[in-house]
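**Student:** Mapping of the sequence shown onto the working numbering: position 13 corresponds to residue 12, and the numbering continues sequentially without gaps.
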Amino acid sequence: MLLSAKEIPAGGRGEIQTELQLDRHTGEITKTVRVFTNDPEHPMVKLILKAEAY
0 MLLSAKEIPA GGRGEIQTEL QLDRHTGEIT KTVRVFTNDP EHPMVKLILK
50 AEAY
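1. Do V34 and I15 have their C-beta atoms closer together than 8 Å?
2. What are the start and end residues of the beta strand (DSSP E) that includes L19?
3. Go ahead and pull the three-state DSSP assignment for E27.
4. Which of helix, strand or coil does DSSP assign to A9?
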């Protein structure tokens, strides 16, 4: 996983690059990326990735 910045200011934006290894998987696949923050209202955010592999 690659982050665009180690710290993002309040109200700021950032990017997370990740790679999904399919390992010969076909059909629908769902994976979860957990992002931990120092925001007391949102200490962890789940990003759900869905893909269709052929």
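Using N, Cα and C, we set each Cβ at its ideal position, and we do this for glycine too.
**Tutor:** Well, looking at it:
1. Taking 8 Å as the Cβ cut-off, V34 and I15 qualify as a contacting pair.
2. In this chain, L19 is not harboured by any beta strand (DSSP E), its DSSP state being neither H nor E.
3. Annotated three-state conformation of E27 is strand, per DSSP.
4. Correct three-state label for A9: coil.
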